[in-house]
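Peer 1: I'd like to ask you about the structure that follows.
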Amino acid sequence: MLPEAIEVMTEELAQVGNPSSLHSAGRRARRVVEESREQIAEILNARPSEVVFTSGGTEADNLAVKGLYWARRAADPARRRILVTPVEHHAVLDSAHWLHSHENADVSWLEVDGGGVLRPETLRAALEQDPGSVTLASVMWVNNEVGAVQPVAELAETARAHGIIVHSDGVQAAAQLPVDFAASGVDALTVTGHKLGGPVGAGALLLRRGTEPVPILHGGGQERDVRSGTLDAPAIRAFATAVVISAERREAEAKRLTVLRDDLIRQVVEAVPDALLNGPPPGPGRLPGNAHFSFPGCEGDALLMLLDAKGIACSTGSACTAGVAQPSHVLLAMGADEDRARGSLRFSLGHTSAQQDVDALGAAIGEAVERARRATSR
Amino acid sequence: MTSMRVLAALSGGVDSATAAARAVDAGHDVTAVHLALSANASSYRTGARGCCTLEDARDARRAADVIGVPFYVWDMAGRFHQDVVEDFVAEYAAGRTPNPCVRCNEKIKFAAVLDRAMALGFDAVCTGHYARLDDGALRRSVDEGKDQSYVLAVLTRDQLARAMFPLGDTTKNQVRAEAARRGLGVADKPDSHDVCFIADGDTRGFLARRLGAAPGLVVDRSGATIGRHDGAYAFTVGQRRGLGLDRPAADGRPRYVLSIEPVTRTVTVGAAEELDIRGITAQRPVWTGCDPLTGPRACEVQLRAHGAVHSCVARPDGDDLTITVPRGARGVATGQTAVLYDGDTVLGSATITATRAAVPA
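In the order they appear, the protein sequences are chains A and B.
Sequential numbering of the first sequence, starting at 1, is according to the working numbering.
Sequential numbering of the second sequence, starting at 1001, is according to the working numbering.
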């Protein structure tokens, strides 16, 4: 977390007051929430009333996918289709799967190319196949595993032309890419605190005026009845602080991360010449701080263990509940075979990353890959 | 004593957790690993049955937290299924009685896991088995009731050289007390029993689902048919119950399974004294407590887990081993392991392939 975010959160934790209460302590807390809302709205170019606070990205994704599906279907029962890419985060994927198995929704997959990108033609083709049956399309702003930036504005325009609403999971985007909600054309956008140097447990779903999902949480009617539950003023305040600071630093940070990341790629390829970079080539199509490699002949989880022992933290694809690494669904969707998908690691750089971190990886990766290859050949 | 890089296998139970804690205390650089072996990881344990479910993974993770060591989960479910579960089913189908714990130690814990550990830079694998290592040889644990030297006796000297059993010098009660003192929440967790991959304990049902109905006859040693069965795999030598006999024996005494012939699917039963075995043939001997035999050796033999120990003479017979049990042993099933002891030291082990009855047919 950013030190400034920790500071304001700590300050706020010492205060008492339910933002929904009418007495002075409540009103004070409420003011903190509303100021936070305004700050976030301003940075993301949305109206304050378009910001709905949630407990994080997963909740926001669930609210968007399920809530908007139910709302659109209720308004028009002929609409039962959801369009999603297979590289979405599980919070979107699993919500869509659940709607399919429990609510009789039809999930249409929007296939991505080898770099993980959804081309507007693919969306257009899927929409033209009976646009009247579609409830919504959900396409992430940028993929969290391979850093592929999606052509969101174009995609939103295509959807709009067919009268379809678009949700975008923007969790990975805000800290490193310019995110302008109004200009993007999307109808719903997920953001979360902990990817911006804010706390875990605070996020938001931005909903364009007129886009009303069926709520998932019923109760006290907070957030205009869209999302009930006592608002976590300390976390929200820290979230807003993180949004503001990361926006101020974004451009410089994106440049800094790009340099570090490009050097990381160079060092890894030098140490392991047959390492394969997954995702789009470094450039505007790729998240500045993201690198993702497949190491032929290795299992990602053996590599992860070896690097972890050297104090280098990275990640494999989707980790399941028992901690057993599964092959990355993103890589599989991009056309990789299972071995390649299992033998990959994501290296992400953020505001605490420095050159020495990249150098440490460069120094360790060669031997780690050698050992992991030995461990896998049985 | 040099500090080694030790991979501690944590099952989620109290023994492996305490063993890992001791390894840390002994000054080793310990990393904990939980082996995901279950095909159905999301099932909950019912009491003492079943193992390596998600609940166990969680218990193992918490134990690693308390002990203060890194924790990972290794997915060995595929290998386990192939080397242990499928072998289990195939052995029963062939009329033998397997011991899956022996197979697991031989193929998974001290092979697949050990190999992977070595490749990743570890020096040894530590487990919570109750057994002692003495100069490269295996010895019974101090707690005779819990002793697991029998299921470890299949390991070679090389494998034993890379094994660590910190609990061999302690009783189970002491281990539980120690776990409680160390703040390990699993101190009160019940031990897992029976076959770890048959969570409901119904081995017969498990085999029936995989092998289907394979009816055959139950006969006495004269060959007379005295009953019918739905699958020879449901029987094991020495078994008394569930024989499905048409009528009681002429002398009114209980009858026992003497042998199982898988091709004709015939199960032979007889009286208690007909169970007596004087001679055993065993294959692929592994020697850890002595050099490979070149001539006869008087020692003791244990013929099943928690079984009695019998005086015997073992002698090499080509690649096999012949074991003579002068006073006779009962309930000796092919497929089981014969473990030879000299006092409480394991000399070696071999897999039983044939038996010779005391009372000829």
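The beta carbon of each residue, even a glycine, is placed where N, CA and C say it ideally should be.
These numbers come from a predicted model, not from an experiment.
How would you write the range of the alpha helix (DSSP H) that Q1174 of chain B sits in, first residue to last?
Peer 2: Residues 1172-1181.
Peer 1: Would you please state the rounded distance, in angstroms, between the beta carbons of I1067 of chain B and V1084 of chain B? I believe it to be under 8 Å.
Peer 2: With a Cβ gap of about 27 Å, I1067 of chain B and V1084 of chain B do not count as contacting.
Peer 1: 8 Å is my cut-off, CB to CB: does R1116 of chain B come that close to chain A?
Peer 2: It does; some Cβ of chain A falls within 8 Å.
Peer 1: Does any C-beta atom of chain A lie closer than 8 Å to the C-beta of G1013 of chain B?
Peer 2: For G1013 of chain B, the answer is no, since every Cβ of chain A falls outside 8 Å of its Cβ.
Peer 1: Below 8 Å, can you find three or more Cβ-Cβ pairs linking the segment 241-252 of chain A to the segment 162-173 of chain A?
Peer 2: Judged by Cβ distances under 8 Å, the segment 241-252 of chain A makes no contact with the segment 162-173 of chain A, as fewer than three pairs qualify.
Peer 1: Can you pull the chain A residues whose beta carbon is under 9 Å from the beta carbon of L1027 of chain B, in chain order?
Peer 2: Here residue 1027 of chain B turns out to be Gly, not Leu, going by the sequence shown. What G1027 of chain B touches in chain A: nothing, since even the nearest Cβ is about 18 Å away.
Peer 1: Could you check whether G1128 of chain B and A1019 of chain B sit closer than 8 Å to each other, using their CB atoms as the reference points?
Peer 2: Contact flag set, yes.
Peer 1: Counting only beta-carbon atoms, is L361 of chain A nearer than 8 Å to chain B?
Peer 2: Chain B, which has no Cβ nearer than 8 Å to the Cβ of L361 of chain A, makes this no.
Peer 1: So V1325 of chain B and H1310 of chain B are supposed to be a Cβ contact under 8 Å. How far apart are they, rounded?
Peer 2: Indeed they touch by this definition, with Cβ atoms about 5 Å apart.
Peer 1: At a Cβ threshold of 8 Å, is A1017 of chain B touching chain A?
Peer 2: A1017 of chain B does not count as touching chain A.
Peer 1: Straight-line CA distance for Q1148 of chain B to S1349 of chain B?
Peer 2: Cα to Cα, Q1148 of chain B sits roughly 14 Å from S1349 of chain B.
Peer 1: Assuming V149 of chain A is part of the beta strand (DSSP E), what are its boundary residues?
Peer 2: No beta strand (DSSP E) holds V149 of chain A; DSSP gives it neither H nor E.
Peer 1: Considering only their Cβ atoms, is the gap separating Q176 of chain A from E253 of chain A smaller than 8 Å?
Peer 2: Going by C-beta atoms, E253 of chain A is nearer than 8 Å to Q176 of chain A.
Peer 1: Per DSSP, which residues does T211 of chain A bridge with? Please list them.
Peer 2: Answer is none; T211 of chain A lacks a bridge partner.
Peer 1: For T316 of chain A, which of helix, strand or coil comes out of DSSP?
Peer 2: Three-state result, T316 of chain A: coil.
Peer 1: Provide the residue(s) that pair with Y1256 of chain B in DSSP beta bridges, ordered along the chain.
Peer 2: Looking at the DSSP assignment, Y1256 of chain B forms a beta bridge with B:G1270.
Peer 1: E11 of chain A lies in the alpha helix (DSSP H); which residues open and close that run?
Peer 2: That run of the alpha helix (DSSP H) goes 3-13.
Peer 1: Roughly how many whole angstroms lie between the Cα atoms of T1046 of chain B and K1172 of chain B?
Peer 2: Note that T1046 of chain B scores 47 on pLDDT, short of 50, meaning its location in the model is unreliable and no value can be drawn from it.
Peer 1: Would DSSP call Y1167 of chain B helix, strand or coil?
Peer 2: Here the sequence assigns Leu to residue 1167 of chain B, which means Tyr is not the residue at that position. In the structure shown, L1167 of chain B sits in coil (DSSP, three-state: anything other than H, G, I, E or B).
Peer 1: What residue range does the beta strand (DSSP E) around R266 of chain A cover?
Peer 2: Where R266 of chain A is concerned, there is no enclosing beta strand (DSSP E), although the alpha helix (DSSP H) it sits in stretches over 233-271.
Peer 1: Shortest alpha-carbon distance to I1198 of chain B belongs to which of B:A1213, B:K1189, B:E1274, B:R1209?
Peer 2: It is B:R1209.
Peer 1: What ranges does the alpha helix (DSSP H) occupy inside the segment 288-370 of chain A, keeping only unbroken runs of at least 4 residues that lie completely in it?
Peer 2: Runs of the alpha helix (DSSP H) inside the segment 288-370 of chain A: 300-309, 329-333, 338-342.
Peer 1: Excluding the 5 residues preceding and the 5 following A173 of chain A in the sequence, name in chain order all residues of the same chain whose CB lies nearer than 6 Å to its CB.
Peer 2: Closer than 6 Å at the Cβ level, and outside the excluded window around A173 of chain A, lie W141, V142, V179.
Peer 1: In the DSSP output, which residue or residues are listed as bridge partners for Y1072 of chain B?
Peer 2: Paired residues: B:V1033.
Peer 1: Would you kindly work out how many angstroms separate the C-alpha atoms of R1315 of chain B and G1295 of chain B, rounded to a whole number?
Peer 2: Looking at the two C-alpha atoms, the distance is approximately 6 Å.
Peer 1: Name the one or two DSSP bridge partners that A1298 of chain B has.
Peer 2: Paired residues: B:V1313.
Peer 1: How many whole angstroms separate the CB atoms of S1356 of chain B and I1277 of chain B, which I take to be in contact at a CB cut-off of 8 Å?
Peer 2: The sequence shown places Arg at residue 1356 of chain B, not Ser. That pair is a contact at about 7 Å.
Peer 1: Answer with yes or no whether the minimum CB distance from L1120 of chain B to chain A is below 8 Å.
Peer 2: Interface residue, yes.
Peer 1: Grab me the residues of F1235 of chain B's own chain with a C-beta within less than 6 Å of its C-beta, minus the 5 sequence neighbours each way, in chain order.
Peer 2: So the qualifying residues of the chain are V1257, I1260, V1267.
Peer 1: Output yes if chain B places a C-beta closer than 8 Å to the C-beta of L306 of chain A; else output no.
Peer 2: Interface residue, yes.
Peer 1: Give me the Cα-Cα distance between A41 of chain A and E35 of chain A, rounded to the nearest whole angstrom.
Peer 2: The straight-line gap from Cα to Cα measures roughly 10 Å.
Peer 1: Chain B partners of A302 of chain A, CB-CB under 7 Å?
Peer 2: Result: L1120.
Peer 1: By the three-class DSSP mapping on this structure, what secondary structure does L1114 of chain B have?
Peer 2: Of the three classes helix, strand and coil, the one that applies to L1114 of chain B here is helix, per DSSP.
Peer 1: Who does D106 of chain A pair with in a DSSP beta bridge?
Peer 2: Note: D106 of chain A sits in a beta bridge opposite A:R81.
Peer 1: Using the three-state DSSP reduction, which class does Q1148 of chain B fall into: helix, strand or coil?
Peer 2: Looking at Q1148 of chain B - three-state DSSP - the assignment turns out to be coil, as it is neither helix nor strand.
Peer 1: Should the segment 71-83 of chain A be regarded as contacting the segment 230-243 of chain A, the criterion being three or more beta carbon pairs within less than 8 Å?
Peer 2: The answer is no - the segment 230-243 of chain A does not touch the segment 71-83 of chain A, with fewer than three Cβ pairs under 8 Å.
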